[in-house]
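Encoded as structure tokens, the structure appears first; notes follow it.
There are 2 protein chains.
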Amino acid sequence: MSPLPIRLHIPGPTPLPDAVREAGARQMINHRGPEFRALLGRVTTALQRAFRTEHDVLVLTASGTGGLEAAIVNHLSPGDPVLAVSTGAFGDRFAKIAAAYGADVTKMAVEWGRAARPADLASAVGEMVAAGRPPVAILLTHNETSTGVTNPIAGLAEAARAVAPDALLLVDAISGLGAVPFETDAWGLDVVVTGSQKSWMVPPGLAMVSVSPRAWAAAEQALMPRVYFDLRAARTSAANGETPWTPAVGIAFALDVALVLMEAEGYAAIHARHRACGAAARAGLAALGFAPFAEPDYASNTVTAALLPDGLAWSDLNAALKTRGLVLAGGQGKMVGHILRMGHLGFVTVDDVVVALSIIEAALIALGRPVEERGAALSAALRAADASTAIPAGATA
Amino acid sequence: MSPLPIRLHIPGPTPLPDAVREAGARQMINHRGPEFRALLGRVTTALQRAFRTEHDVLVLTASGTGGLEAAIVNHLSPGDPVLAVSTGAFGDRFAKIAAAYGADVTKMAVEWGRAARPADLASAVGEMVAAGRPPVAILLTHNETSTGVTNPIAGLAEAARAVAPDALLLVDAISGLGAVPFETDAWGLDVVVTGSQKSWMVPPGLAMVSVSPRAWAAAEQALMPRVYFDLRAARTSAANGETPWTPAVGIAFALDVALVLMEAEGYAAIHARHRACGAAARAGLAALGFAPFAEPDYASNTVTAALLPDGLAWSDLNAALKTRGLVLAGGQGKMVGHILRMGHLGFVTVDDVVVALSIIEAALIALGRPVEERGAALSAALRAADASTAIPAGATA
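If you read the sequences in order, they're chains V and B. Here the numbering used here is used: the first residue of the first sequence is 1, the next is one more, and so on. Here the numbering used here is used: the first residue of the second sequence is 1001, the next is one more, and so on.
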């Protein structure tokens, strides 16, 4: 283990603020006592503000994938037609869960690196309606972590509702919610899932799931089996300040503190910070020869995917980065060996991104790769970050 | 919040040693990098030693109930005859999970406070065999947390195998394994589940599950749906030092440290310590007028359930205890208001039990209840603890 700093820039888990780390070290309490009851109340109302919902938000002890499973099994029955909009590995995963539980899944696969278009979604939904099997649910990915694309959820939701007003909108918002503008109620989303290790600056182990009244009504009819992920049980317990099964108390301590930190900064400032980090990462990586993988208008402000320059092997680059203390993520699925992914969400500033770029530049030089001018990428990143402040706050919605 | 010490004596989460708490405060790492890979390897082999198994032990991000769900859904198909031996609320829960996923569950319900008897199990299995629907699996609870009973798993397993040699033995060992003698392989158990917040002195959020080769073979045929809890995916990832979904990294840090502490103490010493704590709790509570709820030969050494004396309301007692810093658990299900439950597992010594008894005594006096002689219960507890060291180590098996 190196005594030098480790810069963790994967798309979750993200680094933790000291106050969050310290909360994770607290002594245990009774998860069915008054302290936990107060904590769960605070966390739930803070999450409602973060999700921008007046409806239920439930906290499950699981990683984000468990939250996705909850979104599926509570609201669907085997055989239900489902439209899964997939823009990458996580969209595929959401579809796979639905299929595993017997949903009749139609996949709208979008080329990796591109965002789903509302018009294409309207067509796909329209085809299902015309075929006499309108979708009971539509699965959407907000921020596709495998490709660095943020899908236009507001537009997709509107397009879907216009064609199939009764379809439930189930949204994987794991790696975006909290860091970029998101409106659960205003966009008419029925179930929204996020995970503690992403924008929330908390260790992994909690999934947070919002449920609309429409989704609750569906839960009463849904026949897919569930016990651990039964959201009705979670709702019943939550009314009493508890969870049906023993919760991850230590992670809940951390989340409680992190949400206070986030509200102290303010979501508008958090969104601006992520916009600046995203702009810096994209500009800096481009200046270092890593072409953007995501189409520019939909590039994520929480994770940047960029193509490796010709002739540069990921294994070589990654080894040179690790030696210098930078931890990035490689490609997933079909993009293994073709892209790198830099996480810049949660506890991160433009300065962290600049340091990461500096380390990448040093690694490239060490590997004998051409670098235009020492530090030029850092300048480009800073300029892009500064320029990003001119973008209005709601623009990435 | 009181500035005075809080004595947490519920049957999990248990108090944490300082080194474990500190581990929970560590900065995040890449869960798909070399440090986590090494950690998962250490944890897995230490768990294999603790479970006394040479087969797979998988770490899931979930509370114990999630581990029980994994035990069911990976090895059974809808319609499979299953015999659920229930000695309390957690046995009922295990049965409920199987039924929710479509198993054809026959319940062998044992009166609360009593242990399941091998002869009764043999009869119940025999009836199913005679009826032409031999059980595909038998669900057993090792330590029934709701009643403070430790079931004789070795004898039950032997009896089951004699009548239905092909039945899988799925065991909820959540609140006993690690603290009292347990033999996964020698007893022929197919799936064994435990949870991080019990004997392991770690915050809740990880379930640990062992899987026998027989159970793996069944997993290939099992038709119950599963994704998040798919143990085959966990096994595939574990071979590469990873988990299929982002794990609760912070809790894994804590478990890694706790297992080192446990091996430093040694399992024989840990078992003796829990035997002494159990003996102390039972003797002390009896001296204070709380009759034992569990039948004596099967009283648990990790949690003691005792009947409230006539005329003493749990709400009054609990309030008087909390004021004095003692946190106990009340009854569950049909025993709400009738029993108290004192956890004494994990990071606990006889001295902790004596302090808890002292606080109960003080609360009784404050409530105007008769107390024989101030401190007599503490003496009784200490004498019982001392006497417990005469019991051979394997006796509770």
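From the three backbone atoms N, C-alpha and C, an ideal C-beta is built for every residue, glycine too. Quick caveat, the model's predicted, so the values are computed rather than measured.
field: Cβ-based neighbour list, B/Ile1029, same chain, cut-off 8 angstroms, excluding 5 preceding and 5 following
entry: So the qualifying residues of the chain are Glu1035, Phe1036, Val1249.
- prompt: Do V/Ala377 and V/Gly284 come within 9 angstroms of each other at the CB atom, strictly closer than that value?
  reply: Contact flag set, yes.
- prompt: V/His403 to B/Ala1329, Cα distance in whole Å?
  reply: Residue 403 of chain V lies beyond the range of chain V shown here (1 to 397); nothing can be said about it.
field: Among B/Ala1071, B/Leu1040, B/Met1128, the one whose alpha carbon lies nearest that of B/Pro1081
entry: Per the Cα distances, B/Met1128.
Any C-beta of chain V under 9 angstroms from that of B/His1344: Output row for B/His1344: interface = no.
Residues of the segment 81-108 of chain V whose Cβ lies closer than 8 angstroms to any Cβ of chain B, in chain order: Cβ contacts with chain B come from Lys96, Ile97, Ala100, Tyr101, Gly102.
field: Interface residues of the segment 25-49 of chain V facing chain B [CB-CB below 9 angstroms]
entry: Against chain B - using a Cβ distance shorter than 9 angstroms - the residues of the segment 25-49 of chain V are Ala25, Arg26, Gln27, Met28, Ile29, Asn30, His31, Arg32, Gly33, Pro34, Glu35.
task: Could you check if B/Asn1240 is buried or exposed, using at least 16 other CB atoms within 10 Å of its CB as the buried criterion?
output: B/Asn1240 should be labelled exposed.
message: Buried or exposed for B/Ala1387, going by 16 or more other Cβ atoms inside 10 Å?
response: B/Ala1387 comes out exposed.
- prompt: Taking Cβ positions only, does B/Trp1200 come closer than 9 angstroms to chain V?
  reply: False, the Cβ-Cβ gap to chain V never drops below 9 angstroms.
Residue environment, V/Glu54, which counts as buried when at least 16 other CB atoms sit within 10 Å: By the neighbour-count criterion, in which a residue is buried when 16 or more other Cβ atoms sit within 10 angstroms of its Cβ, V/Glu54 is exposed.
query: Taking the alpha-carbon positions, what's the B/Ser1146 to B/Ala1305 distance?
result: Cα-Cα distance, rounded: 8 angstroms.
query: What's the C-alpha gap between B/Ile1360 and V/Pro213?
result: Rounded to whole angstroms, B/Ile1360 to V/Pro213 spans 46 angstroms at the Cα level.
- prompt: Just to check, is the beta-carbon of B/Pro1134 closer than 8 angstroms to a non-hydrogen atom of the ligand FMN?
  reply: In the structure shown, the ligand FMN is absent, as is every other ligand, since no ligand is present at all.
task: Could you tell me which chain B residues have their CB closer than 7 angstroms to the CB of V/Pro11, listed as they occur along the chain?
output: Against V/Pro11, chain B offers no close residue; the least beta-carbon distance is about 10 angstroms (beta-carbon pairs closer than 7 angstroms).
query: On the three-state DSSP scale, how would you describe V/Val202?
result: In this structure, V/Val202 counts as coil in the three-state DSSP scheme.
field: Proximal chain V residues relative to B/Glu1069, where beta-carbon distance stays under 8 angstroms
entry: Chain-order list of chain V residues neighbouring B/Glu1069: Val227, Tyr228, by C-beta distance under 8 angstroms.
query: Where does B/Gly1250 fall in DSSP's three states?
result: Helix.
- prompt: Fully enclosed by the segment 195-245 of chain V, which beta strand (DSSP E) runs are 3 residues long or longer?
  reply: Scanning the segment 195-245 of chain V for uninterrupted beta strand (DSSP E) segments of 3 residues or longer gives 206-211, listed from N- to C-terminal end.
Any chain B beta carbon closer than 9 angstroms to V/Pro296: No, because no Cβ of chain B sits closer than 9 angstroms to the Cβ of V/Pro296.
Helix, strand or coil at V/Thr396 according to DSSP, with G and I counted as helix: Unreliable placement is indicated for V/Thr396, whose pLDDT of 46 sits below 50; no coordinate value is reported for it.
message: Extract the residue ranges of the alpha helix (DSSP H) inside the segment 73-141 of chain V, only unbroken runs of 4 or more that lie entirely within it.
response: The qualifying runs are 89-100, 118-130.
query: Between the Cα of B/Ser1300 and the Cα atoms of B/Thr1236, B/Leu1307, B/Ser1175, B/Ala1167, which residue gives the shortest distance?
result: Nearest C-alpha to B/Ser1300: B/Ser1175.
V/Ala71, buried or exposed, once every other Cβ within 10 Å from all chains shown has been counted against 16: Around the beta carbon of V/Ala71, 16 or more other beta carbons sit within 10 angstroms, so the residue counts as buried.
message: Between which residues of its own chain and B/Gly1000 is the CB-CB distance below 7 angstroms, once the five residues before and five after are set aside?
response: Residue 1000 of chain B is absent from the model: chain B starts at 1001 and stops at 1397.
Cross-strand partners of V/Pro292 (DSSP beta bridge): In DSSP, V/Pro292 forms a bridge with V/Ala306.
message: Quick check: what's the CA-CA separation for V/Ala362 versus V/Leu4?
response: V/Ala362 and V/Leu4 have their C-alpha atoms spaced approximately 16 angstroms apart.
Through-space distance from B/Leu1382 to B/Asp1352, alpha-carbon basis: Between B/Asp1352 and B/Leu1382, the C-alpha separation is close to 11 angstroms.
query: So which residues on chain B does V/Ile359 lean against when the C-beta distance must stay under 9 angstroms?
result: Those do not exist, as V/Ile359 stays about 15 angstroms from chain B at its closest Cβ, beyond 9 angstroms.
query: When the cut-off is 9 angstroms and only beta carbons count, does V/Ala248 lie next to chain B?
result: In terms of beta-carbon proximity, V/Ala248 lines the interface with chain B, with at least one pair separated by less than 9 angstroms.
query: Under three-state DSSP, which class holds B/Asn987?
result: Nothing can be reported for residue 987 of chain B, as the shown portion of chain B is limited to 1001 through 1397.
message: Looking at chain B, is there any beta carbon in it that lies within less than 9 angstroms of the beta carbon of V/Trp245?
response: V/Trp245 counts as touching chain B.
- prompt: Quick one: what does DSSP say V/Asn151 is sitting in, helix, strand or coil?
  reply: Note: V/Asn151 maps to coil in three-state DSSP.
message: Is it the case that the segment 40-53 of chain V contacts the segment 92-109 of chain V, given that we only count it when at least three CB pairs across the two stretches are under 8 angstroms?
response: Touching, no.
- prompt: Quick one: what's V/Phe180 bridged to in DSSP?
  reply: Sequence inspection shows Val at residue 180 of chain V; the Phe mentioned does not correspond to that position. V/Val180 is bridged by DSSP to V/Leu177.
- prompt: Grouping DSSP H, G and I as helix and E and B as strand, with all else coil, what is B/Leu973?
  reply: Given a span of 1001 to 1397 for chain B in the structure shown, any question on residue 973 of chain B remains unanswerable.
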